[in-house]
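Taken in sequence, the protein lines are chains A and B. Residue numbering for the first sequence follows this note's numbering, beginning at 1 and increasing consecutively. Residue numbering for the second sequence follows this note's numbering, beginning at 1001 and increasing consecutively. Quick reminder that beta carbons are idealized off the backbone N, C-alpha and C, glycines included. Below: the structure, in structure tokens.
2 protein chains.
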Amino acid sequence: MNEFRHIRHQPPSQLTKPRELVLAVPKMQSNVNLARIVRVAGCCGLTHMLVEGNPKIDATIARDSLQQITIENHRTLLPALRRWRESGRPLVGLEQAEGSISLHEFRFPRQAVLVVGHERLGLDGDLLSQMDHVVEIPIYGRPFSYNVATATAMALYEYCRQYPEG
Amino acid sequence: MNEFRHIRHQPPSQLTKPRELVLAVPKMQSNVNLARIVRVAGCCGLTHMLVEGNPKIDATIARDSLQQITIENHRTLLPALRRWRESGRPLVGLEQAEGSISLHEFRFPRQAVLVVGHERLGLDGDLLSQMDHVVEIPIYGRPFSYNVATATAMALYEYCRQYPEG
């Protein structure tokens, strides 16, 4: 018998610097995926997202992440991404692509915009060509395709692992 | 413009050894969460899961992970977990608990059983006390609680990062 005991209301890990990762999400097929992405972004301490269009974000899924995260809605992502990039945030796409780097090996810039793709279509070609880096998560088995919210969670986890204090 | 190009049917990363991580899932509140867990386990190359009870696994979510993963159903998990442990697989619980280690710092045994908890109740106290290790994922913001399938995905990602070839 080991001495593990539940902590139901764990205090959050403290950031000593702000979380300077911005997350950009294109129009999605499923608002459930979008809301799940917002929730995990909140848990990872993010405070800023770019969302294409003006989709409804289901608060029963996203919970109170919406009180922490400012969501910028844009008719199309490209001009907004260009502005963020010009202000010094490299664009990091999450996609299976030629020229990509494995997420296991990628060193995130601390200030960056992580851009995820549509469930079925992935990152639009016009966006993909604007990325400074493309990272890809190794897949070892069936169905050979991560759900987009799952992949986003893995990428955010990796970012937090590299910047545990912000 | 960079030279990234979509690869829609990326070949999987090759394992040079079998994936010897087993995943154990208690009775869940949501079969959607269970099916999402099965899908990500499949993508990570797992071939064996223990599932409490005999829940329906939604194949529209889990996809063909079910052709790769052998699912052992058990009325209760504890006796099965004890057998796996006696055969040399330490039990690693994923839970917020006193005595836990951060997933950022935990070195997984290559052969292990990862045990996740119920959405609301977490890992049952009887199971928790049997764990050899408890790992916990740092949380930095609201809602201060990862969805169980999201947390499982992060833990599986970390395992694969440590054992990229099996």
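Same chain, Cβ closer than 8 Å to residue i, neighbours up to 5 away in sequence not counted
i                       : result
residue 1148 of chain B : 1028, 1033, 1037, 1116, 1117, 1118 and 1119
residue 137 of chain A  : 94, 102, 103, 146, 151, 154 and 155
residue 1039 of chain B : 1061, 1062, 1063 and 1065
residue 1069 of chain B : 1038, 1041, 1042, 1046, 1047, 1048 and 1049
residue 1014 of chain B : 1165
Proximity below 9 Å, CB of residue i to CB of residue j
i                       : j                       : result
residue 1081 of chain B : residue 1091 of chain B : yes
residue 123 of chain A  : residue 134 of chain A  : yes
residue 102 of chain A  : residue 1142 of chain B : no
residue 150 of chain A  : residue 1043 of chain B : yes
residue 108 of chain A  : residue 163 of chain A  : yes
residue 1061 of chain B : residue 1035 of chain B : yes
residue 2 of chain A    : residue 1131 of chain B : yes
Cβ shell of residue i (< 7 Å), same chain only, five flanking positions each side left out
i                       : result
residue 74 of chain A   : 50, 52 and 80
residue 1026 of chain B : 1052, 1077, 1117, 1118 and 1124
residue 59 of chain A   : 66
Endpoints, the beta strand (DSSP E) within which residue i is located
i                       : result
residue 244 of chain A  : Nothing in the structure corresponds to residue 244 of chain A, since chain A is present only between 1 and 166.
residue 49 of chain A   : 48 to 52
residue 70 of chain A   : 70 to 74
residue 1133 of chain B : 1133 to 1136
Contact belief for residue i with residue j at Cβ below 8 Å, rounded distance in angstroms
i                       : j                       : result
residue 1158 of chain B : residue 1016 of chain B : The Cβ separation is near 19 Å, so there is no contact.
residue 67 of chain A   : residue 88 of chain A   : Not a contact, Cβ separation roughly 27 Å.
residue 1098 of chain B : residue 7 of chain A    : 6 Å
residue 12 of chain A   : residue 1139 of chain B : 5 Å
residue 4 of chain A    : residue 1100 of chain B : 7 Å
Residue i: first and last residue of the uninterrupted alpha helix (DSSP H) it sits in
i                       : result
residue 116 of chain A  : Where residue 116 of chain A is concerned, there is no enclosing alpha helix (DSSP H), given that its DSSP letter is neither H nor E.
residue 94 of chain A   : That residue, residue 94 of chain A, is in no alpha helix (DSSP H); its beta strand (DSSP E) goes 91 to 94.
residue 150 of chain A  : 148 to 162
residue 86 of chain A   : 77 to 86
residue 1125 of chain B : 1125 to 1128
residue 60 of chain A   : 59 to 62
residue 142 of chain A  : First-last for residue 142 of chain A: undefined, no H or E at that position.
residue 33 of chain A   : 31 to 43
Contact set for residue i: own chain, Cβ-Cβ below 6 Å, skip 5 residues either direction
i                       : result
residue 85 of chain A   : 91
residue 106 of chain A  : 135
residue 168 of chain A  : One cannot answer for residue 168 of chain A here, as it falls past the ends of chain A, which runs 1 to 166.
residue 113 of chain A  : 22, 24, 84, 89 and 91
residue 1144 of chain B : none
Within chain D, partners of residue i - CB distance below 7 Å
i                       : result
residue 1079 of chain B : Absent from the structure: chain D. Protein chains present are A and B.
beta-carbon residue i near the ligand ZN non-hydrogen atom, thresh 8 Å
i                      : result
residue 114 of chain A : Among the components modelled here there is no ligand, and therefore nothing to report on the ligand ZN.
Q. Do the segment 1044 to 1063 of chain B and the segment 1019 to 1028 of chain B make contact, defined as three or more Cβ pairs closer than 8 Å?
A. Verdict: yes, contact present.
Q. For the 8 Å Cβ check, are there 3 or more pairs between the segment 123 to 134 of chain A and the segment 148 to 158 of chain A?
A. The segment 148 to 158 of chain A and the segment 123 to 134 of chain A do not touch, with fewer than three beta-carbon pairs separated by less than 8 Å.
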